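Read through the structure below, which is laid out as structure tokens, and then see the notes.
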Amino acid sequence: MFNNKSILITGGTGSFGKQFIRTLLTNYRPARVVVFSRDELKQFEMQQELNAPCMRYFLGDVRDAERLKQAMRGVDFVIHAAALKQVPAAEYNPTECIRTNVNGAENVINAAIENGVQKVIALSTDKASSPVNLYGATKLLSDKLFVAANNVTGNHPTRFSVVRYGNVVGSRGSVVPFFRKLIAEGAKELPVTDVLMTRFWITLDQGVDFVFKGFERMYGGELFVPKIPSVRIVDLVSAMAPNLRNSIIGIRPGEKLHEMMISRDDSLHTIEFDDHYVITPSIQFIVQGDYLKNGMGEVGQPAIHGFKYTSDTNASFLTIEQLRDLDRQIK
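In terms of the UniProt record's numbering, the sequence shown has 80 at position 80, counting the first letter as 1, and numbering is strictly consecutive.
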């Protein structure tokens, strides 16, 4: 699918972008790969590793509509990964979060349509389902914009879908590297927000593979959700530092005790496949394809009415030993 094609990744210097490009260059022969991001230092550092002839590094911000339109000229596929993601920072700086996560999403959509991009996948988060914080609310708005964008493409070929998943193990700013830093500094205890807290857990490789499959599966308008395990935060502490105590610090502003990826209300529009779910659009528009059978030929069935997908009621939890193995793998 990606051979001799041009691919652009917004926020491409992040953890996801770098791993996506590594996988892309290993398995395909793209004509051009465009890293679109605003940090020149991160781009410089990334170029030291990923410097294939097809690589292009574009300085720009998703808030800048004109720069996005320039960068997307001749592009076939877009992954929209750029976002402000830190929950406490978003609570304190709401306008900045809105400008990047909502206005930026609209700019990506308009640039993609204007340039005739074939397919766009936007990365979302479990925090966008029944959000209680500003970050989650902006990502829910972003999700809605990308789904509805299929209604305004007119005679343009562009189709839009969304991928939603939970915490990415070891990504920048996440809990695993934070705990590692404290352990390396000789901490006597690790901070735990609540002993009952749970989270969805996905590795970077799993997230990247799921997005690759999303491009093959999509018709336009779907919100893809992988079936992934949950973790108990106290189990994570036991796995990483079995000899350290827990220090209960309380839930931070905007945090949930448990995360959700599909709400009961969304179950009315949810299709279950073997390894993922699809939330179909609540609005009606014409797409070429049947959501019960995706572009890869996989067949799903409507989810049970009233079903919800939450980290505390998940059927799969990682054990302490599995968490130890995972921690060793990603070091």
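Ideal Cβ positions, reconstructed from N, Cα and C, are used throughout, including at glycine.
If you're wondering where the values come from, they're calculated on a predicted model, not measured in any experiment.
- Here DSSP, grouped into helix, strand and coil, assigns Phe317 to strand.
- The Cβ neighbour count for Glu222, taken over all protein chains shown within 10 Å, is at least 16; the residue is labelled buried.
- The beta carbon of Arg172 sits closer than 6 Å to the beta carbons of Ser15 from its chain, once the five residues preceding and following it are set aside; these are given in chain order.
- Taking a 10 Å sphere around the C-beta of Asn243, we find fewer than 16 other C-beta atoms and assign the residue as exposed.
- When the Cα atoms are used, Ala81 and Thr10 turn out to be separated by approximately 5 Å.
- One thing to note: Val117 has its Cβ no nearer than 8 Å to the Cβ of Val168.
- By the 16-neighbour rule on beta-carbons within 10 angstroms, Ser161 is buried.
- For Met260, DSSP records a beta bridge to Thr310.
- Between Pro177 and Asn314, the gap from beta carbon to beta carbon reaches 8 Å or more.
- With contact defined as three or more Cβ pairs closer than 8 Å, the stretch 179-187 and the stretch 147-158 are not in contact.
- The distance from the Cβ of Ala65 to that of Asn115 is about 12 Å, inconsistent with a contact at the 8 Å cut-off.
- In the three-state scheme derived from DSSP, where H, G and I count as helix and E and B as strand, Asp126 is classed as helix.
- Within the stretch 160-211, the runs of beta strand (DSSP E) that reach at least 3 residues and sit entirely inside it are, in chain order, 189-192, 198-202.
- By the neighbour-count criterion, in which 16 or more other beta carbons inside 10 Å mark a residue as buried, Val299 falls on the exposed side.
- Closest in C-alpha terms to Asp325, from the list Asp290, Met296, Ser316, Met240, comes Met240.
- The three-state secondary structure of Pro242, taken from DSSP, is coil.
- For Phe2, the secondary structure class from DSSP, reduced to helix, strand or coil, is coil.
- Rounded to the nearest whole angstrom, the CA to CA distance from Ile109 to Ser142 is 10 Å.
- If you draw a straight line from the Cα of Arg73 to the Cα of Ser263, it comes to about 38 Å.
- Here Pro157 is exposed, its C-beta having fewer than 16 other C-beta atoms within 10 Å.
- In this structure the stretch 32-52 does not touch the stretch 88-100; the number of beta carbon pairs closer than 8 Å is below three.
- A direct Cα-Cα distance of roughly 31 Å separates Gln322 from Met46.
- In its chain, beyond the 5 residues on either side, Phe16, Gln19, Phe20, Thr23 have a beta carbon closer than 8 Å to the beta carbon of Val208.
- Looking at the DSSP output, His276 shares a beta bridge with Pro226.
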